[in-house]
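Residue numbers (the UniProt record's numbering), protein chains in the order written: chain A, 1 to 429; chain B, 1 to 429.
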């Protein structure tokens, strides 16, 4: 698996340590996920709990992943964090510090003893000792920075999963780790599981410990789901999703109605569609829910616009495609930015990619992450009627309107990596 | 008043008639109107009645107006219609025919006798005689075709108002004529009155005769309201509003909630704001309602996008302007297309126009309809802090992104024009 690759040199951290120090480490990779039923709006900003349930597909980690090494040692004098090779001043930002603490302290509260398998499982570190240690964390992600793909879900999932490994932590109820990841970044809770994952909003318990993720089906259940990610160029300045959803909750009457009335029935329907592998229903609900999320952004005061004219042209192309086919072969969904994620079935993946390449011309090498698929799509002859149907609504866009296309699919939750993948190099002083 | 100008030569219609024919004519001009609380969705397509109340400002007719001459004669052998100088085949389109018939037959049912003031008010034409005559109607509008400004409101208001004059019609209840104009084009009912006008959705009566317009205040009440219309260039293909709203009613759950729950309280609030001349409240509700209308379009399946990236940049500019001012000095509203209408107060009109000219550069002569205002705005020095505040969010757009700017204001309802303004020239054969 691609996740066992060595990290980019720039992300390796060299840390001088005392020769006698014992340093415990664990390295994991974690996936991102793309929501079909969207999370937008917090019911509790203190607990980072949402106003409605949401549901996503966890994506394969071959291309997009966060890799995190967590280490602990009694020789460390403070907690430290490096992102993509650069140290982050943890306390300079109150929100970062709160999130980091929630994850480290939350997992450590579930810690178990580290045993020595070579010595009759004697205890090397007990629960109390973990609490006396500081941690050093290093993380990098393979999301191109310019792409604007949400990397916080993968990042906080990797943080929590690496800490779980490090501290030999165990859950006292199913989904407990997801309640911790949620406090790092809401959608991170869904990245702790593979396949299709629901995030139950919770709210019956005062500490929101019922606001947790739950796997609907694993990544092997509906194997022929495919995703194309179209990275869209954006000249507009973004509204951060935290600020955006706060404003939406405060000002959008439509959002309240969506959360209380529309989403509960959509969750039931889409879970059933996934169980039935009913792409038509799954796809339609995914498109409608993306549209409704962006509608509530527009109903916010001042309004928030994440989709731009290129995003909208992708919507038009997909509807033209489906109408021509007389069935739903592809669905679009957009998060808090202009990028499109297109869901389709394996059987239509090359046709869809060929359509994308026709209307969003390739610019330069590496436009498609998967060279084999790119060649297949380039050789694919689009039906004349399809081209005609799309041309009624869409024009060929300028090169660069879409910067890159990822061909990907569903995948598993976090993966433990071998010691050789550690992001730290501890060097005796 | 500018409306007494002679029509463009191309709109004059020459009709050969028998030398002995008596031909009755009436010519009126009618305004367009711009909604602050939007109409979107029909409760009855048969009666063209809406799912919610709406409210608009009727605009001055100096620049944008429809002019219609209605004529009737026992010598006419069929009903005929000319739009902008070209005859329309009335029966070739079932919808056009239905609308036309509803207006002609609706007003004729209210007809009164035509009296001869020079001869002791003897009856020249009685009610029964009107029914035996066919009509010839000619209409033109001063809306630039390319602009995409809704002209149907002014057009059907002018049709009904000209027929009222022609047939000496009287209402048997207040607003009856507006129920007829509504059947031509929904928003036309609001153009029968000047100033701020509400359209009550009605629905208590089986024939929807309670779905009618009502003047809130006339055009003299809040004299310092100003409107700038920014005609935005559009490369996307439009969804007609009739088809669009039908789809929204069928598929958008948010639209149902908006109509039943959000709009009633907004109507109360905006009517109060108008009575109080409270621009802050009026403007905020106008912006929120425009955004919510477009949100329900986006919540439609397939989604409808009327605003484009240029429209959105105008929204950003207005919010930056208001935030800099520390008060609401301008509001935007968008109908079923990318054009913006900006409401402001007389005292800020030149400042706002100067801001528009800075971020949407002038292209060619006639970019602003009012040369005096254009010169004032060109000489106006924008505050440095304002420029800085706007530049944080907006860039100067390409010339041509906005094609034209109209400076206008509130105005009266339909105006009767002199005989010299008739669009017909009846020539003895």
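All residues carry an ideal CB built from backbone N, CA and C; glycine is no exception.
Only a predicted model underlies this, so the values are computations on that prediction, with no experimental measurement involved.
With H, G and I counted as helix, E and B as strand and the rest as coil, what does DSSP make of residue i?
i: residue 110 of chain B; result: coil
i: residue 214 of chain A; result: strand
i: residue 407 of chain A; result: strand
i: residue 433 of chain B; result: Any question about residue 433 of chain B goes unanswered here, given that chain B covers just 1 to 429.
i: residue 304 of chain B; result: coil
i: residue 348 of chain B; result: helix
i: residue 36 of chain A; result: strand
i: residue 417 of chain B; result: coil
i: residue 141 of chain A; result: strand
i: residue 368 of chain A; result: strand
i: residue 381 of chain A; result: coil
i: residue 390 of chain A; result: helix
i: residue 21 of chain A; result: coil
i: residue 3 of chain B; result: With a pLDDT of only 49 at residue 3 of chain B, under 50, the local geometry of the prediction cannot be trusted, and the value read off the model is given with reservation. DSSP places residue 3 of chain B in helix when its eight states are reduced to three.
i: residue 28 of chain A; result: strand
i: residue 429 of chain A; result: coil
i: residue 164 of chain B; result: helix
If residue i and residue j are in contact, beta carbons under 8 Å, what's the gap, nearest whole angstrom?
i: residue 67 of chain B; j: residue 421 of chain B; result: 7 Å
i: residue 26 of chain A; j: residue 162 of chain A; result: 5 Å
i: residue 198 of chain A; j: residue 55 of chain A; result: 5 Å
i: residue 219 of chain B; j: residue 194 of chain B; result: 4 Å
i: residue 492 of chain A; j: residue 186 of chain A; result: This structure cannot speak to residue 492 of chain A, because chain A is shown only from 1 to 429.
i: residue 425 of chain B; j: residue 12 of chain B; result: 6 Å
i: residue 225 of chain A; j: residue 343 of chain A; result: 6 Å
i: residue 24 of chain A; j: residue 166 of chain A; result: 6 Å
i: residue 361 of chain B; j: residue 396 of chain B; result: 7 Å
i: residue 429 of chain A; j: residue 18 of chain A; result: 6 Å
i: residue 138 of chain B; j: residue 75 of chain B; result: Rounded, the Cβ-Cβ distance is 17 Å, inconsistent with contact.
i: residue 234 of chain B; j: residue 308 of chain B; result: 6 Å
i: residue 261 of chain B; j: residue 273 of chain B; result: No, residue 261 of chain B and residue 273 of chain B are not in contact; Cβ-Cβ is about 20 Å, not under 8 Å.
i: residue 59 of chain A; j: residue 366 of chain A; result: With 8 Å as the limit, residue 59 of chain A and residue 366 of chain A do not qualify as a contact, their Cβ atoms being about 19 Å apart.
Below 9 Å on C-beta distance, what does residue i contact in chain D?
i: residue 254 of chain A; result: The chain labelled as chain D is not found among the protein chains of the depicted structure, namely A and B.
Could you pull out every residue in the same chain whose Cβ sits closer than 8 Å to the Cβ of residue i, ignoring the five residues on either side in sequence?
i: residue 255 of chain A; result: 40, 41, 51, 248, 249, 296, 299, 300
i: residue 284 of chain B; result: 328, 331
i: residue 77 of chain B; result: 134
i: residue 393 of chain B; result: 316, 317, 319, 320
Which residues in the same chain as residue i place their Cβ atom closer than 6 Å to its Cβ, once the five residues preceding and following it in sequence are excluded?
i: residue 188 of chain A; result: 153, 156, 157, 181
i: residue 2 of chain A; result: Low per-residue confidence applies at residue 2 of chain A: pLDDT is 48, beneath 50, and the placement is therefore not dependable, though the value from the model is reported in the following sentence. Excluding sequence neighbours, residue 2 of chain A sits near 62.
i: residue 127 of chain A; result: 111
i: residue 116 of chain B; result: 122, 124
i: residue 357 of chain B; result: 377
i: residue 151 of chain A; result: 141, 143
i: residue 190 of chain A; result: 33, 56, 197, 199, 213
i: residue 352 of chain A; result: 330, 344
i: residue 81 of chain A; result: 88, 90, 137
Which same chain residues, not among the five before or five after residue i, have their C-beta less than 7 Å away from its C-beta?
i: residue 251 of chain A; result: 300, 301
i: residue 106 of chain A; result: 180, 183
i: residue 102 of chain B; result: 180, 183, 184
i: residue 208 of chain B; result: 44, 47, 49, 202
i: residue 16 of chain A; result: 427, 429
i: residue 10 of chain A; result: 85
Hey, is residue i close to the ligand ADP, as in C-beta under 6 Å from one of its heavy atoms?
i: residue 163 of chain B; result: Looking for the ligand ADP in the displayed structure turns up nothing, as the structure carries no ligands at all.
Margin query: Would the region 367 to 387 of chain B count as touching the region 331 to 344 of chain B if we require 3 or more Cβ pairs under 8 Å?
Written below: no
Next item on the list: Kindly confirm or deny that the region 391 to 411 of chain B and the region 222 to 232 of chain B touch, where touching means at least three C-beta pairs closer than 8 Å.
Entry: yes
Note to self: Runs of 3 residues minimum, wholly inside the region 260 to 343 of chain B: which ones carry the beta strand (DSSP E) assignment?
What the structure shows: 330 to 334
Notebook entry, point to check: Quick one: any contact between the region 300 to 317 of chain A and the region 309 to 319 of chain B, if contact means 3 or more CB pairs under 8 Å?
Noted result: yes
Notebook entry, point to check: Which ranges does the alpha helix (DSSP H) cover as unbroken runs of at least 4 residues, wholly within the region 167 to 231 of chain B, from first to last along the chain?
Noted result: 176 to 184
Margin query: Suppose only complete runs of 3+ residues qualify. What are the beta strand (DSSP E) ranges in the region 41 to 128 of chain B, listed by chain order?
Written below: 42 to 44, 54 to 58, 66 to 73, 80 to 83, 86 to 88, 114 to 116, 122 to 125
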